[in-house]
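In this note's numbering, the protein residues as written are 626 to 1005.
We treat Cβ as the ideally placed atom computed from N, Cα and C, and that holds for glycine.
Source: prediction; values computed, not measured.
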């Protein structure tokens, strides 16, 4: 899809300096919502929430694969071009937005505790954010990271929010605030959702990424406009069925992957974890178990089950964790990566599949605490 015709001007470090890294600024006290990703807390979370040495080893192999497929300019690309792969990995994707592909590749590093300031992949993360900042366009709507699709906007904002929440580095503030503004002004005022281009009637997948970005931004201490979240609630009402226990893509016609997104989104927007519709909806989806065609569902369902402290979590987690570990590729240049026959995320190719698999295996320490002492539910 082509971008709109609004005038746009770069507001970022020059992309002509591919080896430059991010200059950090003075940081305030960072958000405790992200503390489980680091050091001893990460190990404690793995043991307490159902991870395993095998799942952690799979995460590390996956991060190594991602790092090896970063382009010289700091970006990642779904078609695996402009990196050291040179065609050695099969199943490249077709998504052309380099902001979307770069952001989704950054998220697993942040999930494992690496930022542009610390961690074993500090340089990788720094170069990735330098690239993202170089791609922001200043428009009347705010800071545009889309490159043709609002998936790019939501993913870039989510990555910036997590990095800011983990470091409180003020270098992120102008970019994050501008990106939040773009999300706000791109929302369809009728349905309350988002789709590929600003103002389009929403779908639940694009809306889910914008909501996750805004929730992370709020937990990181950034301001999020209340009317925007009220619009999301209207959208969820519009695509829900079965008393809010099932959700469709653009209509109430539900399927497991869209229902998982909808149920997690309901928790993000204030429904309590013990809400009967959340509990019933999660039970119905979790009963199906993991499969080769449902990584997108599993990514969202793992987060929702854990957030809701659902009684299906232990059984679901053991099956999904071991399934993902067993499906990781361990031969030749593809070692550490994943690819599934999942039509929902086919355009993302091996890069997006690998990122989502790692994020699912990081759920024990990556998931943000929307309930409990560090949660912000009443104020979004």
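Separation of residue j from residue i, as counted between CA atoms
{"i": "residue 697", "j": "residue 720", "result": "19 Å"}
{"i": "residue 755", "j": "residue 699", "result": "7 Å"}
{"i": "residue 837", "j": "residue 656", "result": "16 Å"}
{"i": "residue 742", "j": "residue 749", "result": "11 Å"}
{"i": "residue 885", "j": "residue 684", "result": "23 Å"}
{"i": "residue 919", "j": "residue 967", "result": "6 Å"}
{"i": "residue 917", "j": "residue 965", "result": "6 Å"}
{"i": "residue 962", "j": "residue 977", "result": "10 Å"}
{"i": "residue 861", "j": "residue 873", "result": "9 Å"}
{"i": "residue 813", "j": "residue 828", "result": "10 Å"}
{"i": "residue 637", "j": "residue 770", "result": "Caution applies to residue 637, whose pLDDT of 49 falls short of 50 and renders its modelled position unreliable; the value that the coordinates give is listed next. Rounded to whole angstroms, residue 637 to residue 770 spans 11 Å at the Cα level."}
{"i": "residue 933", "j": "residue 790", "result": "23 Å"}
{"i": "residue 630", "j": "residue 788", "result": "With a pLDDT of 36 at residue 630, under the threshold of 50, the predicted position of this residue should be treated as unreliable, though the coordinate-derived value follows. One C-alpha to the other measures close to 31 Å."}
{"i": "residue 767", "j": "residue 908", "result": "40 Å"}
{"i": "residue 774", "j": "residue 753", "result": "19 Å"}
{"i": "residue 689", "j": "residue 944", "result": "24 Å"}
{"i": "residue 640", "j": "residue 761", "result": "Caution is warranted here: a pLDDT of 37 is assigned to residue 640, below 50, making its placement in the model unreliable, and the coordinate value is therefore given only provisionally. Looking at the two C-alpha atoms, the distance is approximately 11 Å."}
{"i": "residue 877", "j": "residue 869", "result": "10 Å"}
{"i": "residue 660", "j": "residue 797", "result": "19 Å"}
{"i": "residue 738", "j": "residue 843", "result": "19 Å"}
{"i": "residue 979", "j": "residue 687", "result": "7 Å"}
{"i": "residue 958", "j": "residue 701", "result": "16 Å"}
{"i": "residue 975", "j": "residue 981", "result": "10 Å"}
{"i": "residue 899", "j": "residue 740", "result": "34 Å"}
{"i": "residue 956", "j": "residue 712", "result": "15 Å"}
{"i": "residue 853", "j": "residue 941", "result": "33 Å"}
{"i": "residue 987", "j": "residue 759", "result": "28 Å"}
{"i": "residue 664", "j": "residue 846", "result": "23 Å"}
{"i": "residue 627", "j": "residue 806", "result": "Bear in mind that the predicted position of residue 627 carries a pLDDT of just 31, short of 50, making it too unreliable to give a figure here."}
{"i": "residue 947", "j": "residue 823", "result": "40 Å"}
Reduced DSSP category for residue i - H, G, I as helix; E, B as strand; rest coil
{"i": "residue 818", "result": "coil"}
{"i": "residue 828", "result": "strand"}
{"i": "residue 763", "result": "strand"}
{"i": "residue 718", "result": "coil"}
{"i": "residue 833", "result": "helix"}
{"i": "residue 971", "result": "helix"}
{"i": "residue 692", "result": "helix"}
{"i": "residue 996", "result": "coil"}
{"i": "residue 953", "result": "coil"}
{"i": "residue 756", "result": "helix"}
{"i": "residue 988", "result": "helix"}
{"i": "residue 806", "result": "helix"}
{"i": "residue 669", "result": "helix"}
{"i": "residue 746", "result": "coil"}
{"i": "residue 979", "result": "helix"}
{"i": "residue 726", "result": "helix"}
{"i": "residue 941", "result": "helix"}
{"i": "residue 680", "result": "helix"}
{"i": "residue 965", "result": "coil"}
{"i": "residue 947", "result": "helix"}
{"i": "residue 912", "result": "coil"}
{"i": "residue 774", "result": "coil"}
{"i": "residue 923", "result": "helix"}
{"i": "residue 686", "result": "helix"}
{"i": "residue 643", "result": "Residue confidence for residue 643 is low, a pLDDT of 41 falling below 50, so the modelled location carries little weight; the figure read from the coordinates is stated next. Residue 643 falls in the coil class under three-state DSSP."}
{"i": "residue 843", "result": "helix"}
{"i": "residue 855", "result": "helix"}
{"i": "residue 699", "result": "coil"}
{"i": "residue 706", "result": "coil"}
{"i": "residue 935", "result": "coil"}
For residue i: DSSP bridge partner residues
{"i": "residue 906", "result": "Residue 906 is not bridged to any residue."}
{"i": "residue 872", "result": "865"}
{"i": "residue 739", "result": "Answer by DSSP bridge pairing: none, since residue 739 is not bridged."}
{"i": "residue 768", "result": "763"}
{"i": "residue 879", "result": "873"}
Check: residue i C-beta below 7 Å from any heavy atom of the ligand PLP
{"i": "residue 831", "result": "The ligand content of the structure shown is nil, which means the ligand PLP is not present either."}
Assumed close pair residue i, residue j - CB separation to whole angstroms, cut-off 8 Å
{"i": "residue 927", "j": "residue 985", "result": "5 Å"}
{"i": "residue 781", "j": "residue 832", "result": "In fact, because the Cβ distance is near 16 Å, the residues do not count as touching under 8 Å."}
{"i": "residue 704", "j": "residue 717", "result": "5 Å"}
{"i": "residue 808", "j": "residue 825", "result": "Contact flag wrong, Cβ pair sits at about 13 Å."}
{"i": "residue 930", "j": "residue 911", "result": "6 Å"}
{"i": "residue 888", "j": "residue 906", "result": "5 Å"}
{"i": "residue 921", "j": "residue 882", "result": "5 Å"}
{"i": "residue 783", "j": "residue 728", "result": "7 Å"}
Beta carbon proximity, residue i to chain C, threshold 8 Å
{"i": "residue 971", "result": "Checking the listed chains, one finds no chain C in this structure; it contains a single protein chain."}
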